[in-house]
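Scroll down for the structure; my scribbles are underneath it.
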Amino acid sequence: MSKKLGVAIIGCGNISGSHIPNYLKLDNVEIRYFCDIIPERADRAVEKYGCGTAVYNYKELLGKDDIDIVSVCTHNDFHAPISIDFMRDGKDVLCEKPAARTLEEALEMQKVAHETGRLLQIGVVNRFCDNVNHVKKLIESGELGEVYQVYTSFRAHRSIPGLGGDFTTKAVSGGGVLIDWGVHYIDLALYCIGDPTPLTCSGEAYCKLGKDMKDYVCTSMWASDTADFEKGTYDVDDFVSGFVRTTGANITINGAWAQNIGEAETFVDFLGTKAGVRLYYGGKFTMYSTLNGMLTEIKTDFATTGFDYGAEIKAFVESVETRVPNQAHIDRAVITSKILDGLYRSSDAKKEVTL
Ligand SMILES: NC(=O)c1ccc[n+]([C@@H]2O[C@H](COP(=O)([O-])OP(=O)(O)OC[C@H]3O[C@@H](n4cnc5c(N)ncnc54)[C@H](O)[C@@H]3O)[C@@H](O)[C@H]2O)c1
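Just so we're aligned, residue 87 is where the sequence shown starts under our numbering, counting upward by one.
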């Protein structure tokens with residue numbers, strides 16, 4: 087039997103729960119280390135999954151020759167340093183989205199991937215989802231005609247995560263709803279329309295409803311609850327609006343972690359000259375067109391796997407074995423970082439910027 091690939095999981099919080107079970111399903115890999123700066127989390131992972139060794143400082147893992155693959159599942163501030171350290175140590179890395187807090191960090195990660203010849207895949211999971219790939223194929227086969235506009239809506243009524251914590255502290259996260267949710271929608275749009283080159287963008291990122299943390303009204307919070315109204319930080323965007331011109335279809339962006347409209351609207355519209363598609367985020371899609379002078383509406387039905395982290399992990403391990411980068415390689419994902427950066431720059435400058 088051939089040697090198994092050794093895996094280290096760095097960060098044993100929420101998203102690691104989508105990586106770990108999917109590595110465990112594969113015969114050719116073995117999770118050897120669980121690392122978290124909160125020791126109980128690493129210890130709990132060893133206990134829960136019945137394998138590996140708990141480590142509390144990732145630097146202890148540098149130089150270990152029983153690691154081939156590293157999953158970086160920490161908050162955004164550690165994506166670049168951890169990915170870079172392990173690539174320089176000769177390991178292939180799957181780093182969670184967004185690639186990094188800033189474009190500079192993402193470009194540095196890309197540079198090190200090229201210099202070292204290591205694989206660096208970013209956790210843009212939609213690129214592995216069947217619903218998204220169905221839409222991509224429809225576009226490629228010309229069913230929609232010329233796709234000239236993609237409208238993305240990732241608006242929720244009340245969904246600010248961990249108010250006053252890592253997600254709402256710019257120094258940790260790099261931004262709010264745009265970088266956290268927008269990264270998925272922009273990446274999905276780019277992927278379906280064939281990864282065009284972005285040219286210019288204009289955007290406005292608002293920091294409104296969460297700013298006065300004591301006054302924020304909601305019924306529940308994901309990630310974690312507000313830990314500390316007095317010392318917690320809220321300096322990121324909770325609403326964003328933007329427009330991106332590309333060499334292909336243009337992309338409109340509308341996102342809200344929180345808004346005073348009580349309906350969540352999470353979809354991506356692909357507008358083509360022959361047909362249009364509304365893709366419900368994480369779900370199915372409807373195609374609108376005309377037939378013999380009539381308006382038509384086709385509802386699709388298929389056994390969707392939803393957010394397919396299993397396919398993402400499997401594709402990464404295949405890339406590691408074949409040394410062939412896949413559709414979520416940093417060279418693709420960095421384009422989204424460029425757009426996120428442009429939208430924040432445009433918002434600060436109050437004008438359109440070149441990408
Ligand atoms: N792909 C997706 O759909 C998706 C979904 C959720 C989160 N994410 C991304 O995953 C990342 C983590 O989010 P989460 O919700 O799992 O957060 P989390 O807080 O639940 O988990 C992060 C873990 O990393 C640990 N950590 C922080 N710094 C560390 C370091 N230097 N070394 C080792 N461990 C460290 C923390 O203690 C924590 O346990 C974020 O970048 C987020 O954007 C992606």
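Each residue gets a CB set at the ideal place from its N, CA and C atoms; glycine is no exception.
How would you call Trp308, buried or exposed, if buried means at least 16 neighbouring beta carbons within 10 angstroms? exposed
With H, G and I counted as helix, E and B as strand and the rest as coil, what does DSSP make of Gly260? coil
What do you reckon, are the CB atoms on Cys121 and Val141 nearer than 8 angstroms? yes
Determine the burial state of Arg204: buried for a count of at least 16 other Cβ atoms within 10 Å of its Cβ, exposed for fewer. buried
Of the choices Phe388, Asp387, Met373, whose alpha-carbon is the least far from that of Leu442? With the chain represented from 87 up to 441, any question about residue 442 goes unanswered, as that position is not in the structure.
Name the two residues that bound the continuous alpha helix (DSSP H) containing Met173. 165 to 174
Indicate whether Gly209 and Lys177 have their beta-carbon atoms separated by less than 8 angstroms. no
For Thr408, list the residues DSSP reports as bridge partners. Bridge partners of Thr408: none, in fact.
Can you say whether Ala257 is buried or exposed, counting buried as having 16 or more other CB atoms within 10 angstroms of its CB? exposed
Are the CB atoms of Cys287 and Gly341 within a distance shorter than 8 angstroms? no
Limits of the alpha helix (DSSP H) - the one that Arg241 falls within: First-last for Arg241: 233 to 241, but that is the beta strand (DSSP E), not the alpha helix (DSSP H).
Run through the DSSP bridge pairs and tell me what Glu351 is partnered with. Arg241
Identify which residue in Pro284, Ala335, Phe325, Thr312 has its Cα closest to the Cα of Asp261. Note on identity: in this sequence residue 261 is Gly, with Asp being the wrong assignment. Taking only the C-alpha atoms, the option nearest Gly261 is Phe325.
Once you ignore the five residues that flank Ala242 on each side, which residues in its own chain have a CB closer than 8 angstroms to its CB? Ala342, Trp343, Ala344, Gln345, Ala350, Thr352
Let me know if Glu398 comes out buried or exposed under the rule of 16 or more other beta-carbons within 10 Å of its beta-carbon. buried
Smallest Cα separation from Thr255: which of Asp314, Lys385, Ile106, His200? Asp314
Report yes if the C-beta of Ser306 is less than 7 angstroms from at least one heavy atom of ligand 1; otherwise report no. no
Quick check: does the Cβ of Thr311 come within less than 7 angstroms of any heavy atom belonging to ligand 1? It should be noted that the sequence gives Asp, not Thr, for residue 311. It does not: the Cβ of Asp311 is nowhere closer than 7 angstroms to a heavy atom of ligand 1.
Integer-rounded CB distance, given that Tyr395 should sit under 8 angstroms from Asn108: 5 angstroms
Return yes when the Cβ of Phe253 is within less than 8 angstroms of the Cβ of Asp266, no when it is not. yes
Drop a sphere of 10 angstroms on the beta-carbon of Ala59, count the other beta-carbons inside from all chains shown, and report buried for 16 or more, exposed for fewer. The question about residue 59 has no answer here: the residues shown for the chain are numbered 87 through 441.
Span of the alpha helix (DSSP H) around Ser432: 416 to 435
What are the boundary residues of the alpha helix (DSSP H) that includes Cys278? 269 to 278
Can you find the residues in the same chain that come closer than 6 angstroms, C-beta to C-beta, to Lys66, ignoring five residues on each side of it along the sequence? For the chain, the structure presents residues 87 to 441; residue 66 sits outside this window and is missing.
Could you give the DSSP three-state label for Ala361: helix, strand or coil? coil
Can you tell me where the alpha helix (DSSP H) holding Leu189 begins and where it ends? 189 to 202
How many whole angstroms separate the CB atoms of Ser157 and Ile95, which I take to be in contact at a CB cut-off of 8 angstroms? 5 angstroms
Just the C-alpha distance for Lys436 and Lys294, rounded to the nearest angstrom, thanks. 17 angstroms
Only counting the same chain, and skipping five residues up and downstream in sequence, which positions put a Cβ closer than 7 angstroms to that of Ile279? Ile225, Val233, Val236, Gly334, Ala335
Status (buried if at least 16 other CB within 10 Å, exposed otherwise) for Glu146: exposed
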